[in-house]
Every structure is written in C-alpha cells, then in structure tokens.
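Reading through the structure tokens given below for one structure.
In our numbering, the protein residues as written are 550 to 955.
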C-alpha cells in the first residue's frame, strides 16, 4: 500500500515536472525562433524598400551598397521579374553566392506560389509587386539564406533539450529520494493502524473463546435454549469478523508469497462445485463453462479463497430459481466470471463494492456478512498482478470478473 502511494507520488510529481520543463523549453525555443524569423522579415522589408527605387544598372555597382547598408554578411539577394515572370535583374550582396540557374529555379517556384512571404527550404523570402519609376509593374523577390539562423535555432534546441533532460533526471532523483520522507508519516500511521487491527484481533480471540466455553457450560447445566444458540451464532460471527480483519492486515503487508504453477481449471471447478449442494438446497441452479488445462502461476490457496468469496457472494444475492454461471476461459489473459441474477442489483454502487465494510443493503440487515469478503478477494487478485471488476448486465444480471496474467 505504501509502495503504491510512493510510486503514485513519484509518478504525479514527475509528470508535472516533465510538463513544466517541456513548456519552458517550448517557450524559450519558440521565442528564439520567432525573434530570428521577425529579424529576417525586417531585413527583407528593408532590402526591398531600399533598393526598388534604383534604376537598372550593373550588379557590381549596386551590390556593395546592399551589404554595406544592411551591415550583415548573410547571403542575400533581390530578384526582379517582369509581368510575364521573366527575370530582368538580380542583385546579390556577394556575386558568387548563387548561380543564375539556382536563383531562377527558386524565383520561379516562389513567383508561381500564392504566398507573399515564407520559407523555401532554408531560404526566407518575401514577394511584392511594385510600380517602378518608369511606370512598369515588376515583382520583387527578396531572398535570405537563413541556414546560419536555422543552425542557431537547432543549436538552441539541442542545448535546451540536453539541459532539460539533465535537469529532469536530476530533479527526478531528488524526488525519488525525498518521496520516502514525504510518505513516512503516512507509512507510520498506516503501520500503527495495521498493528492495531492485528493486535486487537488476537486480543478478541481470548474473550470470544471464553464466552463460547461458558456458553457451552451453561447449556450443559440448564439444557438447550434459543438464547444459548443465539450466543453461539454471535460468537461465530465475531470470530469470522476477527479472522477477516487479520487476513486483510496480512494482505496489506505486501509480503509476496511463493508462487507455483497449478491447474486453475481444477481449482475453479473444485471450489465452485463445493457450493452446488447449498445452491440446490436454496432452489437455485449452477452451470459451468470451464476450459480445461488452464495453468496459472500463483498462490493456489489464496486464489481458491478468492473464488470461494465470489461464489459465496453469488449464493447470497442470487434470485430464487435462477442460475449462477461460472465461466473460465483463457486468451492473452485468464478470465474468470461468476454471474447471477439479482433483482436489487440496480441499487448497488458497483464502484464501491470492493471497499471494506460496503453493503448494498443500506439498512445493513444481518445476513452473516460484514462487507469484507470482496475487499479480501480484490487484495488477493492484486497480489497476483490481476484485476477484478463488477458489472451490471442486462436483465439485472451481475457479473464479477477476475482477470489474471498468463
């Protein structure tokens, strides 16, 4: 129980930490990329606005001004196209940066596209159609080779990822070490509670034994009486309650028993078959659908106890003249199903049936049970890394299903 609580504490804290670190990384890298992208857009705007008023002239006369004016050493260029999409002029900050063929292909793809700005591979571009001084409309495409900027973004992402992972692992280690101290008060309280239940159970056995012995002596002295019978019933009931409490306390100690392989098919059939005479005496019926040869690895005695609890529960709440069905089948997992008719099933909260002392009968009328059996069955199933569920089927049929790993 405490180990599960500790694992849950670590899992929730680690998940929250991971989300926070991931959010910070995304925000930092997102802002960094946004700034670079905004800077490139600004440079493209300045390139186009500062050079579209120049008349046609040789590249050599214009290029120095482009680089000097922007005071950068990025690979930048402007491509001018006429209304037919034919390149009329190319300006570069360094003439050797791009070949005319490469620029023509890039410019044609951008010119044919619908977007006025964006990314073409690792090139950042802006496309505008302007009316020049000579009265002719021309399309201007500004291009910046942003590979260095993208490399900076990638480097930033890589560094932040490494720092984020190392930070997460370091803090996770601290959380794991601190979790023992965090759950220590709860563990101590839970240990005392279990110890109290165990001690109280053992202490109750002695007075119950004395009461039972005295009652038997009185019966011998004064003869049979309904009062003596009532005392015996109550003593038996209290003995059962004490035994169940001790069983639950031992189950919560999380001491893994020695598991062995055994035929679960035989265990289910033998245990369910032992209830057959009782079921028939109460004008009910039982049917079996048990796949033979199913082998399970676990504690056979405890699993037989869990099966017995489900059968006992089905007998208590099964409608008269109806059938209790026991099904055992195996696929990727082992499934044991115990189904019975119950006219009052709609009043039961199936989300709470495995809680200790839960009774569907709100009046808690005496039927010999304490609401601990299903809780014990759940502890046994969980000890075997399995699951147990209660379902309400059609026509007020109730099914308890145990799923075990193969």
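Cβ coordinates follow ideal geometry from the N, Cα and C atoms, glycine included.
Apart from the five residues on each side of it in sequence, which residues of its chain come closer than 6 Å, Cβ to Cβ, to residue i?
i, result
"residue 614", "For residue 614, the predicted model reports a pLDDT of 37, less than 50, meaning its position is unreliable and no value from the coordinates is stated."
"residue 593", "675, 691"
"residue 620", "Bear in mind that the predicted position of residue 620 carries a pLDDT of just 36, short of 50, making it unreliable; the figure below should be weighed with that in mind. Excluding sequence neighbours, residue 620 sits near nothing in its chain."
"residue 777", "764, 768"
"residue 554", "732"
"residue 693", "589, 623, 625, 673"
"residue 791", "750, 753"
Looking only at DSSP bridge pairs, what is residue i linked to?
i, result
"residue 562", "Partner(s): none; residue 562 has no beta bridge."
"residue 686", "680"
"residue 954", "882"
"residue 582", "Its beta-bridge partners do not exist; DSSP assigns none."
"residue 673", "668, 693"
"residue 577", "BP columns for residue 577 are empty, so no partner."
"residue 730", "Residue 730 is not bridged to any residue."
"residue 939", "949"
"residue 639", "628"
"residue 758", "Note: residue 758 sits in no beta bridge, so no partner."
"residue 714", "Paired residues: none, contrary to the question."
"residue 834", "872"
Return the residue from the list the options that minimises the CA-CA distance to residue i.
i, options, result
"residue 924", "764, 794, 701, 595", "794"
"residue 781", "792, 759, 859", "759"
"residue 731", "839, 556, 832", "556"
"residue 948", "757, 926, 885, 565", "885"
"residue 701", "685, 671, 726", "671"
"residue 889", "865, 902, 904, 881", "865"
"residue 954", "938, 942, 931, 940", "931"
"residue 848", "943, 935, 808", "808"
"residue 661", "635, 696, 680", "635"
"residue 716", "563, 933, 887, 934", "563"
"residue 881", "952, 666, 761, 826", "952"
"residue 587", "649, 651, 832, 666", "666"
Starting from the C-beta of residue i, find all residues in its chain whose C-beta is less than 7 Å away, skip the five residues before and the five after it, and write them out in chain order.
i, result
"residue 891", "866, 867, 868, 945, 947"
"residue 705", "578, 581"
"residue 632", "686"
"residue 669", "655, 658, 659"
Between which residues of its own chain and residue i is the CB-CB distance below 8 Å, once the five residues before and five after are set aside?
i, result
"residue 922", "793, 858, 861, 862"
"residue 720", "566"
(message) Tell me whether the segment 689-696 and the segment 666-678 touch, counting them as touching only if at least three CB pairs, one residue from each stretch, are closer than 8 Å.
(response) yes
(request) Evaluate the contact criterion for the segment 829-848 versus the segment 869-883: three or more CB pairs, one atom per stretch, below 8 Å. (result) Put simply, the segment 829-848 touches the segment 869-883. At least three CB pairs are less than 8 Å apart.
(request) Output the residue ranges of the alpha helix (DSSP H) runs that lie fully inside the segment 849-935 and measure 4 residues or longer, sorted by chain position. (result) 849-866, 922-932
(request) Could you tell me whether the segment 567-580 touches the segment 704-720, where touching means 3 or more Cβ pairs closer than 8 Å? (result) yes
(request) Please determine if the segment 808-820 and the segment 852-863 are in contact, where contact requires at least 3 C-beta pairs separated by less than 8 Å. (result) yes
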